[in-house]
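Residue numbers (our numbering): 1 to 102.
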């Protein structure tokens, strides 16, 4: 059973559908550590929480593009999340965008 996953790529972005596959294939995932500074090419613009990581407790988003933080923090259901490591600049951008939409 996979409970920890490290994702790194500096050649291709992780597209939205990739995270859908991860959430379905790894339902017991507890730690997701991700590094990818490339912008997603196939963005899914939705306001619904189409991803669910029920058991994810730790999310580490280091050296990432804003797209990944938006998808994982704004359009995902993370009921067990207790630890978040993220660049403050990225987090502040997400907060500012959320305030503009409100």
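C-beta atoms are modelled at their ideal positions from N, C-alpha and C, and glycine is treated no differently.
Ranked by Cα distance from residue 77, the first of 57, 3, 34, 18 is 57. In the DSSP assignment, residue 94 falls within the alpha helix (DSSP H) that extends over 88-101. Assignment of residue 8 by DSSP, reduced to helix, strand and coil, places it in the strand class. Taking the Cα positions, residue 2 is about 29 Å away from residue 94. Following the DSSP letters along the chain, one finds residue 66 inside the alpha helix (DSSP H) bounded by residues 66-69. Non-local C-beta neighbours of residue 10 in its own chain, meaning closer than 6 Å and more than five positions away in sequence, are absent. Annotated three-state conformation of residue 61 is strand, per DSSP.
Note that the C-beta distance between residue 6 and residue 33 is below 9 Å.
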